[in-house]
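Encoded as structure tokens, the structure appears first; notes follow it.
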Amino acid sequence: MEKTQELLATAVEAIGGTPRPGQQKMAEAVANAFATGRHLAVQAGTGTGKSLAYLVPSLSYAHVQDACVIVATATLALQRQLVERDLPRLTEALGGDYSYAILKGRSNYVCLNKLAGENALIGAEDYQWMEPYLKRVYAWAEDTETGDKDHLDPGVPPAVWAKVSTTAQECPGASVCPHGDDCFAEKARAAARDVDVVVTNHALLAIDAVSPAEILPPHDAVVIDEAHELVDRITAVSTATISVMALKMAATRVEKILEKNNPSVDKLREVTDELDEVLPELPLGRWVDGIPEVAVPPLGAISEALDTVGTELSLTSVDAETDPETYAEKQSLMSHIGGLAEGIDRMLEGSEEDVVWLEVDRRDERRLMVAPLSVASTLADNLFEHNTTVLTSATLALGGSFDALAASWGLTGLTWDGLDVGTPFDTQGSAIMYLASHLPPPGRDGLSPELLDELETLITAAGGRTLGLFSSRRAAEQAAEELRTRLPFDIYCQGDDIIGTLIERFAADENSCLFGTRSLWQGVDVPGPSLSLVTIDRIPFPRPDDPLSQARKEAADARGGNGFMQVAATHAALLMAQGAGRLLRSTTDRGVVAILDSRIATKRYGKFILRSIPPMWTTTNLATVTGALTRLVAARHSTN
1 MEKTQELLAT
11 AVEAIGGTPR
21 PGQQKMAEAV
31 ANAFATGRHL
41 AVQAGTGTGK
51 SLAYLVPSLS
61 YAHVQDACVI
71 VATATLALQR
81 QLVERDLPRL
91 TEALGGDYSY
101 AILKGRSNYV
111 CLNKLAGENA
121 LIGAEDYQWM
131 EPYLKRVYAW
141 AEDTETGDKD
151 HLDPGVPPAV
161 WAKVSTTAQE
171 CPGASVCPHG
181 DDCFAEKARA
191 AARDVDVVVT
201 NHALLAIDAV
211 SPAEILPPHD
221 AVVIDEAHEL
231 VDRITAVSTA
241 TISVMALKMA
251 ATRVEKILEK
261 NNPSVDKLRE
271 VTDELDEVLP
281 ELPLGRWVDG
291 IPEVAVPPLG
301 AISEALDTVG
311 TELSLTSVDA
321 ETDPETYAEK
331 QSLMSHIGGL
341 AEGIDRMLEG
351 SEEDVVWLEV
361 DRRDERRLMV
371 APLSVASTLA
381 DNLFEHNTTV
391 LTSATLALGG
401 SFDALAASWG
411 LTGLTWDGLD
421 VGTPFDTQGS
431 AIMYLASHLP
441 PPGRDGLSPE
451 LLDELETLIT
461 AAGGRTLGLF
471 SSRRAAEQAA
481 EELRTRLPFD
491 IYCQGDDIIG
501 TLIERFAADE
511 NSCLFGTRSL
521 WQGVDVPGPS
531 LSLVTIDRIP
541 FPRPDDPLSQ
551 ARKEAADARG
561 GNGFMQVAAT
571 HAALLMAQGA
581 GRLLRSTTDR
591 GVVAILDSRI
601 ATKRYGKFIL
611 RSIPPMWTTT
621 NLATVTGALT
631 RLVAARHSTN
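Here you go:
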């Protein structure tokens with residue numbers, strides 16, 4: 001432990017920082033977890049410097065033990081911060097022979113095999129608008145050393161990148177791919193084999209844990225940052241999607257390898273058409289009693305057809321040396337078709353561990369979904385059993401306890417410790433929590449006139465400088481449209497431009513406002529005078545028709561628990577804590593968090609949610625709040 005504190009002190013001094021008790025306490029706890037093998041959950045508020053607090057003991061442990069520590073994040077933004085800023089500064093400061101690497105999923109790297117092929121799946125209409133982007137990717141691919149899409153500047157639209165990259169399911173594997181020796185994803189994996197710390201994401205960590213293939217290098221310790229996102233990310237990795245379009249695309253790809261008018265491909269198309277006819281008759285939402293009887297025959301037939309096509313593909317002779325492109329496409333297709341078949345089989349099996357539902361996507365296409373009811377056992381059996389794991393975030397202790405998230409992770413019954421190191425910010429002295437208890441409860445018909453009036457009053461007092469967090473895109477757009485006619489400030493709204501650009505404009509314009517939904521509740525970091533007021537229009541409970549939340553709530557009730565509190569209130573508390581955390585981003589920040597949902601003050605669950613948010617001076621008096629905001633604006637003007 002003494003060694004850890006010495007290294008931390010050296011690092012902090014070298015980068016011009018100041019000692020922080022919370023950071024020191026966390027670093028010591030992480031080092032102790034590695035030494036004892038006890039799992040650790042650490043809540044480290046904004047300003048703690050938690051990345052150094054886990055990177056220092058991680059580098060030290062890996063170096064001394066000749067081991068590897070995996071650091072997994074939810075977002076690519078944090079990965080970039082760790083690899084491009086924190087780790088370079090840290091290794092330079094410590095002066096030792098420390099090493100690190102970043103490893104992302106395959107779809108983050110350009111695929112040389114895709115670039116070498118004719119990409120026949122790009123239709124003429126798509127190619128016309130994609131052509132300038134594709135030309136730029138081709139030119140960049142000749143010079144790039146990493147193939148990492150984050151290094152392509154400017155970037156390209158997601159639809160274009162999908163054409164020049166490959167997923168793990170589609171990839172034939174380096175041993176059979178004609179470009180395997182030069183594969184950027186494989187080079188990144190090779191670079192990660194002999195380093196102290198590998199930075200990756202939650203999804204890749206999950207795939208490595210449950211897959212027989214070794215995605216990550218051997219390791220016995222893991223740090224999971226942004227751990228409040230872990231369950232959602234692991235759930236996404238374990239979710240299968242079946243759509244008519246995906247099945248038809250698979251048939252089109254197969255036909256390019258097998259002979260035309262192949263009976264097996266024709267059969268796949270035929271049974272896919274049968275499913276297409278049935279889908280409009282099926283109820284949207286969760287299928288509580290299993291797959292509707294009318295859908296079983298076509299799904300069963302599709303599963304059989306996929307198996308037949310997969311077998312024929314495997315028996316098709318394609319020479320890897322004389323026709324490498326076709327061989328790679330064949331291997332890719334076999335993996336893809338196997339994934340489709342597995343998803344359908346999960347749906348037909350009807351396991352109590354899975355949730356099946358039908359939804360409509362943005363293109364108005366119906367698609368079948370199957371997702372795990374819980375990922376707790378997956379994490380417990382495949383991650384915690386084999387690795388000492390540290391889970392950290394600014395938001396973990398919901399309702400004042402780690403128990404809710406620990407249960408969702410699968411830590412219940414295992415040996416673990418919880419630690420809240422607080423924040424160096426004086427939240428009680430720097431922030432006001434305003435509970436608008438007089439407003440009518442939120443309804444289904446959009447924002448009430450009273451709430452819009454309240455927003456106008458608050459934003460006027462704040463002189464703009466407002467981050468408006470809304471429960472839906474429609475609510476954000478309604479507020480922006482209405483308040484643009486009432487207020488003299490620029491109001492940026494999610495959807496006007498890409499999120500990153502909107503945040504930059506908001507930060508640069510001290511009197512502006514930024515309105516948006518889920519993307520803005522987390523990760524927005526705007527310290528200084530551009531942000532003095534955070535407003536929240538309503539408590540962000542899961543939608544009542546959300547199939548997965550609904551199923552998890554019912555499962556908690558069936559176990560004798562309180563499903564609403566364990567699922568819905570916990571979900572809301574997590575987002576509320578993240579949203580409120582947007583206000584104070586530096587020790588000099590001051591301002592107000594205004595919750596405009598009166599239920600926070602009138603319902604019992606309101607206290608649970610408020611206990612999840614860093615303590616602030618709380619009031620229900622609007623005049624007190626507007627007075628404080630007005631004085632804050634005046635004070636800032638006097639110092640300029």
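Using the UniProt record's numbering, read the sequence shown as starting at 1 and increasing by one per residue.
Just so it is clear, CB atoms sit at the ideal spot from N, CA and C, and this is done for glycine as well.
With DSSP collapsed to three states, give me the class of N119.
-> Interpretation of N119 is limited by its pLDDT of 48, a score under 50 that renders its predicted location unreliable; no figure is taken from the coordinates.
Using a Cβ distance threshold of 8 Å, determine whether the stretch 344-351 contacts the stretch 301-315, with at least three qualifying pairs required. yes
query: Under the rule that 16 or more other beta-carbon atoms within 10 Å means buried, what is S377, buried or exposed?
result: exposed
query = Using DSSP with H/G/I as helix, E/B as strand and the rest coil, what is L8?
reply = helix
**Prompt:** Which residues in the same chain as G290 place their Cβ atom closer than 8 Å to its Cβ, once the five residues preceding and following it in sequence are excluded?
**Reply:** G350 and V356
With 16 as the cutoff for other CB atoms within 10 Å, does V245 come out buried or exposed? Per the sequence shown, the amino acid found at residue 245 is Met instead of Val. It counts as exposed.
Own chain, CB closer than 7 Å to residue 677, minus 5 neighbours either side, in chain order
Not covered by the structure: residue 677. The range shown for the chain is 1 to 640.
Inset, instruction - Classify E359 as helix, strand or coil using the three-state DSSP reduction. - result: strand
**Message:** If I measure Cβ to Cβ from Q428 and keep anything under 8 Å in the same chain, skipping five residues before and after, which residues do I get?
**Reply:** P615, M616 and W617
Does the stretch 383-403 come into contact with the stretch 250-267, if we say contact requires no fewer than three beta-carbon pairs (one atom in each stretch) closer than 8 Å?
no
Which complete alpha helix (DSSP H) runs does the stretch 349-436 hold, if anything under 4 residues is left out?
376-379, 403-409 and 427-430
So if DSSP puts C493 in a beta bridge, which residue, or which two residues, is it bridged to?
F515
### Residues bridged to S243 (per DSSP)
R367
**Message:** Need the endpoints of the beta strand (DSSP E) that residue 671 sits in, please.
**Reply:** This structure leaves residue 671 out entirely; the chain is present only between 1 and 640.
Reducing DSSP to helix, strand and coil, say where I459 ends up.
helix
| query | Would you call the CB atoms of H202 and A72 closer than 8 Å? | reply | yes
Open item on the list: Taking the alpha-carbon of V210 as reference, which of S519, T235, L411 and G560 has the nearest alpha-carbon?
Closed with: T235
Exercise. Can you give the Cα-Cα distance for P372 and A556, rounded to whole angstroms?
Worked result: 14 Å
How far does the beta strand (DSSP E) with G591 in it extend, from its first residue to its last? G591 to I595
- Task: Compare the beta carbon distance of A601 and T620 with 8 Å and say whether it is the shorter of the two.
- Result: yes
From Q23 to Y54, what does the alpha carbon distance come to, in whole angstroms? 9 Å
Quiz prompt | For W617, three-class secondary structure by DSSP | solution = strand
Q | Own chain residues within Cβ distance below 7 Å of G463, not counting five before or after | A | N511 and V633
**Residue burial classification, L247 (beta-carbon count within 10 angstroms, cutoff 16)** = buried
| message | DSSP three-state label for I257, please. | response | coil
How would you label R599, buried or exposed, when you count the other beta carbons within 10 angstroms and need 16 or more for buried? buried
Just the Cα atoms here: how many angstroms apart are T48 and P292?
-> 52 Å
- prompt: For Q79, which residues does DSSP report across the bridge?
  reply: Answer is none; Q79 lacks a bridge partner.
*asked:* I'd like the ranges of any alpha helix (DSSP H) spanning at least 4 consecutive residues and lying wholly in the stretch 12-52.
replied: 21-36
C68 and D273: beta carbons closer than 8 Å?
no
**Request:** Taking only the alpha-carbon atoms, compute the straight-line gap between L379 and F34 and give it to the nearest angstrom.
**Result:** 18 Å
ask   = Mapping DSSP to helix, strand and coil, what is A628?
value = helix
Q. Taking C-alpha atoms, which residue in V160, P212, R269 and V199 lies nearest to R80?
A. V199
Query raised in the report: Closest by CA to K163, which one among L152, A188 and K114?
Result: K114
Given a cut-off of 8 Å on the beta-carbon distance, is the pair R636 and P529 in contact? yes
(Q) Just to confirm before moving on: does the CB-CB distance between A628 and I432 stay below 8 Å? (A) yes
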